[in-house]
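For reference, the structure is listed below as structure tokens.
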Amino acid sequence: MNFFMPEIKLSTRKRTELIDITGQVKDAVAAAGVASGLCIVYVPHTTAGVTINEGADPAVRLDIAAHLDSLVPWNKNYRHLEGNAAAHIKATLAGCSVAILIEKGRLAVGTWQAIYFCEFDGPRPRRVSVRVIPGPPS
Amino acid sequence: MNFFMPEIKLSTRKRTELIDITGQVKDAVAAAGVASGLCIVYVPHTTAGVTINEGADPAVRLDIAAHLDSLVPWNKNYRHLEGNAAAHIKATLAGCSVAILIEKGRLAVGTWQAIYFCEFDGPRPRRVSVRVIPGPPS
Amino acid sequence: MNFFMPEIKLSTRKRTELIDITGQVKDAVAAAGVASGLCIVYVPHTTAGVTINEGADPAVRLDIAAHLDSLVPWNKNYRHLEGNAAAHIKATLAGCSVAILIEKGRLAVGTWQAIYFCEFDGPRPRRVSVRVIPGPPS
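For the record, the sequence lines run as chains A, B and C. Under this note's numbering, the first residue of the first sequence carries the number 2, and numbering increases by one thereafter. Under this note's numbering, the first residue of the second sequence carries the number 2, and numbering increases by one thereafter. Under this note's numbering, the first residue of the third sequence carries the number 2, and numbering increases by one thereafter.
Structure, rendered in structure tokens:
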């Protein structure tokens, strides 16, 4: 077993953007060599998040990004003066942490599920922590 | 200890619907025989989610479902052509995974808390994974 | 190692309010003496939640609270007759549980991240559970 977990590093390109990181998370789980347990994907930023949603049709992530933008308009009389209050609010709606199960050494995501890094204040360099907690055999 | 965790299987009946699965999750935790630790409830679908909210008054889950529907209208000029983009967006708002504590062999939910499977694109057959990660005694 | 985890007790003062509990969560993690693993922050209430967002500028938490209030108006023709349906809906949007990593004995939150208890139906006495699950060294 190798519990050294390199962070995922990303360079986002738009203000609001969902980026598929499923492959990198699966690689981290495979590298950990854990048969069964838990994988935590954690975003250490305050204007970004993580969500799990459909990976097959790229239109889905565009619809999620566009609708979150419509629910939280960029320009409004926010108190926060850095201009990115909307990004903070969307980070709270999406959440910054997900727990995914590991079964038989593999990430037990559903057939259509992909793991998305959610950029709400890009473009920027970003990072994501992935950690594996071993559990009893299932 | 028995870590075999049968999935919860559900048949939803409406397009948007919150279904109380607290009893099934508690049964899975009791079957695991773990005194202390963590219970992960994971929904492997992309148009459904899981949330924890009041279980006493059935009106609460109807209000949550109706308000999510009002925040994310079914018909809009979405890019996703399968017609269920709104369900994907609501899945991201609710989230697909929750972590609940186990104390003294029991699920440590609050007095009024129930665990709800959130259907956003029913009716359909659905499934939910429940997994217990043992922790040190509290 | 000492796995006794006192609950965090709070007295909220407004109907909607985000309260920084980062210090109390860090204290609980330090008291557990775990080098590496997972910290679960769990809110056992149904009209409150927990979120992670910027801790530097107090305006951010005011913007988050105000925008959630605007997305879920207090007065609407809700079915739930206790008058606090909006608080339940906001609890589902925020979520009641977060998983945070522990690295080198410390809570691995990002530089700007703070952990907020989210009151949506205050003022009230409230409590938050914090639990540490040890993991393999990273």
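Every residue gets a Cβ at the ideal spot worked out from N, C-alpha and C, and that includes glycine. In this text the structure is predicted, and so the values were computed from the model without any measurement.
Practice task
Just the C-alpha distance for Asp32(C) and Thr23(A), rounded to the nearest angstrom, thanks.
Solution key: Reading off the sequence shown, one finds Ala at residue 32(C), where the question assumed Asp. One alpha carbon belongs to Ala32(C), the other to Thr23(A), and they sit about 35 angstroms apart.
task = Could you list which residues in chain A have their beta carbon closer than 7 angstroms to that of Arg80(B), in chain order?
result = Correct list: Ala60, Leu63 and Asp64.
Exercise for the section: Starting from Thr52(C), find everything on chain A with Cβ-Cβ shorter than 7 angstroms and list it in chain order. Expected result: Taking the beta carbon of Thr52(C) as reference, the chain A residues within 7 angstroms of it are Thr93, listed in sequence order.
>> According to DSSP, is Thr13(A) part of a helix, a strand, or is it coil?
In response: coil
Worksheet item: So, is the C-beta of Gly111(A) closer than 7 angstroms to a C-beta in chain B?
Response: yes
Measuring only the C-alpha atoms, how far is Arg107(B) from Lys77(B)?
44 angstroms
| said: Checking the sheet assignment: what are the DSSP bridge partners for Val99(C)? | reply: In the DSSP output, where bridge partners are listed per residue, Val99(C) has Val42(C).
Which chain A residues are close to Glu55(C), counting only those with a beta carbon under 7 angstroms from its beta carbon? Thr47 and His89
Cβ-Cβ distance between Phe121(B) and Ala92(B) below 7 angstroms
yes
Close-in-space but distant-in-sequence residues of the same chain around Pro137(C) (CB under 8 angstroms, 5 per side omitted)
Ser37
Please report the distance separating the alpha-carbon of Asn3(A) from that of Gly34(A).
Because Asn3(A) carries a pLDDT of 42, less than 50, the predicted location of this residue cannot be relied on, and no value is offered for it.
| request: Taking only the alpha-carbon atoms, compute the straight-line gap between Ile116(B) and Leu69(C) and give it to the nearest angstrom. | output: 22 angstroms
>> According to DSSP, simplified to helix, strand and coil, what is Pro59(C)?
In response: helix
Next on the checklist: Only counting the same chain, and skipping five residues up and downstream in sequence, which positions put a Cβ closer than 6 angstroms to that of Tyr43(A)?
Outcome noted: Ser98 and Ser130
Inset, instruction - Measure the CB-CB distance between Cys119(C) and Leu39(C) and report whether it falls below 7 angstroms. - result: no
Task: Terminal residues of the alpha helix (DSSP H) in which Val30(A) lies - done: Here the alpha helix (DSSP H) through Val30(A) covers Thr23 to Ala33.
Buried versus exposed, by CB contacts within 10 Å (16 or more), Arg132(C):
buried
*Taking the C-alpha atoms as reference points, what is the distance between Ala29(A) and Arg127(A)?*
17 angstroms
#### Entry: Close beta carbons around His46(B), own chain, < 7 angstroms, minus the five adjacent residues each side
Arg127
Query raised in the report: Secondary structure at Ala88(C), three-state DSSP: helix, strand or coil?
Result: helix
Query - Backbone CA spacing between Phe5(C) and Leu63(A) [nearest angstrom] - result: Confidence is the limiting factor: at Phe5(C) the pLDDT is only 48, short of 50, which leaves the residue's position unreliable, though a coordinate-based value still follows. Whole-angstrom Cα-Cα distance: 45 angstroms.
Looking only at its chain, what residues have a beta carbon closer than 6 angstroms to the beta carbon of Ile134(A), apart from the 5 residues adjacent to it on each side? Gly38 and Leu39
*Looking at C-alpha atoms only, which residue of Val110(C), Pro124(C) and Ile90(C) is the closest neighbour of Ser55(C)?*
What sits at residue 55(C) in the sequence shown is Glu, not Ser. Comparing Cα positions, the closest option is Val110(C).
Q. Along chain E, which residues have their Cβ under 9 angstroms away from the Cβ of Gly96(B)?
A. Here the protein chains are A, B and C, and chain E is not one of them.
| query | If we ignore side chains and look at the alpha-carbon of each, how far apart do Glu8(C) and Ala60(A) end up? | reply | 44 angstroms
- prompt: How many Å lie between Gln114(B) and Ala100(B) at the Cα?
  reply: The C-alpha of Gln114(B) lies about 14 angstroms from the C-alpha of Ala100(B).
| query | From Val73(B), Asp58(B) and Ile103(B), pick the residue whose C-alpha is nearest to that of Ala95(B); which is it? | reply | Of the listed residues, the one whose Cα sits closest to Ala95(B) is Val73(B).
- Query: With a cut-off of 7 angstroms, does the C-beta of Tyr43(B) fall near any C-beta of chain A?
  - Reply: yes
Can you tell me whether Leu108(B) is helix, strand or coil according to DSSP? Shown here, Leu108(B) sits in a strand according to DSSP, grouped into three states.
Just reading off the beta strand (DSSP E) that Pro126(C) is part of, what are its end residues?
-> Pro126 to Pro135
Quiz item: Cβ atoms of Ile65(A) and Ile41(B): under 7 angstroms apart, would you say?
Solution: Remark: C-beta atoms of Ile41(B) and Ile65(A) do not approach each other more closely than 7 angstroms.
Handout entry: Ser130(A) at chain C interface by Cβ criterion, 7 angstroms
Key = yes
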